[in-house]
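**Student:** My questions all concern the structure below.
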Amino acid sequence: MHRYYKIEDGNHVDSYYDRHTTELRPILPCHRAALEALEDWVEEGNDPPKSKLVSRPQSTAPAGEANRCSLGKGTKYSADGASATP
811 MHRYYKIEDG NHVDSYYDRH TTELRPILPC HRAALEALED WVEEGNDPPK SKLVSRPQST
871 APAGEANRCS LGKGTKYSAD GASATP
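Below, the structure is given as structure tokens:
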């Protein structure tokens, strides 16, 4: 069993995001959200969200986008403790 999450505008070199905030999305927050979902799956038995395209948030400021990602179904990561809305 596996899950596959494609991150819309995802970028494998997050340092480029500072210069291209309208074209790229940092992928590290989504990696962390996926790892938290995997941990919850393995340790607690809770199924992670189904495989899907993780859409880019419409109204997120660059600083927020660099620190948050939501895979849906309650699985989200937020470096600053703020809500990570899908």
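Residue numbers (my numbering): 811 to 896.
Using N, Cα and C, we set each Cβ at its ideal position, and we do this for glycine too.
1) What residues match up with Pro836 in a beta bridge as DSSP calls it?
2) DSSP state of Gly855, grouped into three classes?
3) In whole angstroms, give me the CA-to-CA distance for Arg835 and Val864.
4) Kindly provide the ranges of any beta strand (DSSP E) runs that are 3 or more residues long and lie completely inside the region 857–882, ordered along the chain.
5) Beta carbon of Cys813, beta carbon of Pro858: below 9 Å?
6) Quick check on DSSP: helix, strand or coil for Tyr815?
7) Should Ala894 be labelled buried (16 or more other beta-carbon atoms within 10 Å of its own) or exposed?
8) Tell me which same chain residues have a C-beta within less than 7 Å of the C-beta of Asn821, skipping the five on either side of it?
9) What would DSSP say about Glu849, mapped onto helix, strand or coil?
**Tutor:** The structure says:
1) In DSSP, Pro836 forms a bridge with Asn821.
2) coil
3) 11 Å
4) 862–864 and 878–882
5) Here residue 813 turns out to be Arg, not Cys, going by the sequence shown. Cβ atoms of Arg813 and Pro858: closer than 9 Å.
6) strand
7) In this prediction, Ala894 scores a pLDDT of 49, lower than 50, which makes its location untrustworthy; the coordinate-derived value is nonetheless stated afterwards. Classification for Ala894: buried.
8) Tyr827, Leu834, Arg835, Pro836 and Ile837
9) Helix.
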